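The next block holds one structure in the form of structure tokens; read it before the comments.
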Amino acid sequence: IQKPQYFNDINDLLLYNHYSKNEEFTIEINSSLLLEYKHNDILIQYRQAGDCYLLIEYGDSKSAINLLLRIRIHQIQEYLGLITDLKTMKTKPILNGLIDSAPAIRSLLVRYDPIHLSQNTLIEYLQRMEKSLPFDNNINLPSRKLYLPITLNDHWNNEAIQYYMKTIRSKASYLPNNLKFIANNNGIIGENDINQISNILLEAQWLVIGIGFYLGCPFAIPIDPKHRLSVPKYNPARTYTPDGSCGLGGNYMAIYPIESPGGYQLFGRTIQTWSTFGTIGYPFTNYQPWLLNMFDIIQFQSVTELQLQNLRRLAFAGKYQYQITDSILNINDIKQLEDSVNEDLLNFKQKKYIAQKAMQQIEMELLKEMDSNNNNYNDVSNDSQQQNLQELDDNHKTIYAMVGGIVQSILVHIEDKIIGDQTILCTIQAMKTEITIRSDCNGKLYHIYIKPNQLINAGDPLFIIKLDK
């Protein structure tokens, strides 16, 4: 990006010009907030983030999505010299002591060396820069447009959903079909709901505004507000998601780069966006094994499952030709879309609001039902537990849960032979992770306290084992 002329002169002004400290720091006890103020009607907050990080936040948690803020963050990153060169993995910071940064949707995490740059000096510099660096709507950002094949409502994701229903949670507002839930949660209800939501997903031009949090996972939202959807994430999360899966969480779309846990509502599967060793050919390289860059534009193109399977085979072999064209992102065009208000958009937002309230109520009722079932089972289990505990002697050992979570599967039966440190008794899902529970002793299984899909706490009894003599 070409720096405007004022970039060349502004730094001396910021570093050496007298600064009026009319706005005092508002530090609260036990608060991470160091300073907050408004500039151009935008709330800006500086927060403590460990010994050598500063978090800059724009707007508040209730702020509507604003692509202009994300572009503003990029503009600040660029001015500070904190855009990482992927070939060298280095930045060219404008201040001695600045190291690097990590952008998010409406925030920027700045890393600095407090030995060479004090926090107060950094904050004062950033505040002066914020007020001196104009909001320039005439900037053109270099971009790329990528046409990615996608199969909506595919069997791979539906199998992942079925596995979730079998092992974690059988009833939820988003089950058994995530795509239908996305439609209903955004006010699209009826026989044609899946077709209508599919058309929106395919028509949208998805602007990548975040890369991370691992393996180059892209986060994107539609450029046009009329295509913007919102959904809650899974509660609790999945432990399995196929690679290439596309999902919605909150207001954002993500493409899962590898098979992994996850919580986004799944609507389709696309081509590979990650190459572990950067060896499957263009556009992947050994220094950038991920496909998408910040401010790329994604356009999905519908294909059948068989077509996608063949395209994925080609991509795995390095023979697929990714459709990528250079483009320009005009900030003024985005501003016009962000500022546009029409009756159709207002009606869409109103329908979404009503639908989401209804879905929240359904979800609350289903969560209450799940809790009630768990409590009823625990009452019966506790009675059984007391009875069994009275029969226990030194030849019996109770196996307890080391963590809280959901029982995914029970892999043993009463009277099964148990080999210490080898036999897997059950698996527990906790924080997107499958944890295996083993016995530390030899014997036979005497009693089972739990059932699949049961919510347990750390310290709950799971099994009783009758020890070998």
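Here the sequence shown is numbered in the working numbering, starting from -3 and rising by one per residue.
Note that the Cβ used here is the ideal one computed from N, Cα and C, for glycine as well.
Keep in mind the model is a prediction, meaning the values are calculated, not measured.
Item: What is the C-beta distance between TYR396 and PRO457, in whole angstroms, given that I count them as a contact (C-beta under 8 Å)?; Value: 6 Å
Item: Name the two residues that bound the continuous beta strand (DSSP E) containing ARG140.; Value: 136 to 148
Item: Could you check where the beta strand (DSSP E) with ASN326 kicks off and where it finishes?; Value: 319 to 326
Item: Would you kindly report the start and end of the unbroken beta strand (DSSP E) that includes LEU30?; Value: 29 to 35
Item: Quick one: what does DSSP say THR117 is sitting in, helix, strand or coil?; Value: helix
Item: What distance in whole Å lies between the Cβ atoms of GLN295 and GLN201, which are believed to be in contact at a cut-off of 8 Å?; Value: 6 Å
Item: Determine the closest residue to HIS392 out of ILE420, SER435 and GLN404, with distance taken between C-alpha atoms.; Value: SER435
Item: Should THR300 be labelled buried (16 or more other beta-carbon atoms within 10 Å of its own) or exposed?; Value: exposed
Item: Per DSSP, VAL204 forms a beta bridge with which residues?; Value: ALA216
Item: Would you report the Cα separation of GLU199 and THR266, rounded to the nearest angstrom?; Value: 16 Å
Item: Can you give me the Cβ contacts of ALA454 inside the same chain, cut-off strictly under 7 Å, excluding the 5 residues immediately before and after it?; Value: ALA397, MET398, VAL399 and GLY400
Item: Taking its Cβ as the centre, do 16 or more other Cβ atoms sit within 10 Å of SER28, making it buried, or is it exposed?; Value: exposed
Item: On the DSSP bridge list, what partners appear for ILE294?; Value: LEU142 and TRP202
Item: Less than 8 Å between C-beta atoms, sequence neighbours within five positions excluded: which residues of the same chain meet that for ILE38?; Value: TYR54, GLY55 and LEU65
Item: Bridge partners for ASP96 per DSSP, in chain order?; Value: ARG107
Item: With distances taken between CB atoms, is the gap from VAL408 to LEU441 smaller than 8 Å?; Value: yes
Item: Classify PRO214: buried if its beta carbon has 16 or more other beta carbons within 10 angstroms, exposed otherwise.; Value: buried
Item: Does the pairing of the stretch 178 to 193 with the stretch 224 to 238 give three or more beta-carbon distances under 8 Å?; Value: yes
Item: Whole angstroms are fine: how far does the CA of TRP152 sit from the CA of GLY264?; Value: 9 Å
Item: What do you reckon, is the C-beta of ASP367 under 7 Å from a heavy atom of the ligand FMN?; Value: In terms of ligand content, the structure shown is empty, and the ligand FMN therefore cannot be addressed.
Item: Below 8 Å between beta carbons: does that hold for ILE327 and ASN134?; Value: yes
Item: Could you check whether the stretch 286 to 293 touches the stretch 119 to 139, counting it as contact only if at least three pairs of C-beta atoms, one from each stretch, sit closer than 8 Å?; Value: yes
Item: Report the three-state DSSP secondary structure of LEU458 (helix, strand or coil).; Value: strand
Item: How long is the line joining the alpha carbons of ILE358 and GLU187, rounded to whole angstroms?; Value: 20 Å
Item: Ends of the beta strand (DSSP E) at TYR210?; Value: No beta strand (DSSP E) contains TYR210, which DSSP labels as neither H nor E.
Item: Considering only their Cβ atoms, is the gap separating LEU50 from GLN123 smaller than 8 Å?; Value: no
Item: In terms of residues, what are the limits of the beta strand (DSSP E) holding MET249?; Value: 248 to 251
Item: With distances taken between CB atoms, is the gap from LEU304 to ASN174 smaller than 8 Å?; Value: no
Item: For SER57, count neighbouring Cβ atoms within 10 angstroms of its own Cβ and tell me buried if that reaches 16, exposed if not.; Value: exposed
Item: Going by beta-carbon coordinates alone, are THR237 and GLU430 separated by less than 8 Å?; Value: no
Item: List the endpoints of the continuous alpha helix (DSSP H) containing ARG102.; Value: Looking at the DSSP string, ARG102 is not in any alpha helix (DSSP H), and its letter there is neither H nor E.
Item: Tell me whether PRO130 is buried or exposed, calling it buried when 16 or more other Cβ atoms sit within 10 Å of its Cβ.; Value: exposed
Item: Apart from the five residues on each side of it in sequence, which residues of its chain come closer than 8 Å, Cβ to Cβ, to PRO257?; Value: ALA233, ARG234, THR235, TYR236, THR237, LYS428 and THR429
Item: Could you pull out every residue in the same chain whose Cβ sits closer than 7 Å to the Cβ of ASP417, ignoring the five residues on either side in sequence?; Value: ARG434 and ASP436
Item: Going by CA-CA distance only, name the one from LEU144, ILE79 and ASP340 that's closest to ASP220.; Value: ASP340
Item: Have a look at ARG308 and GLN158 and give me their C-alpha separation to the nearest angstrom.; Value: 23 Å
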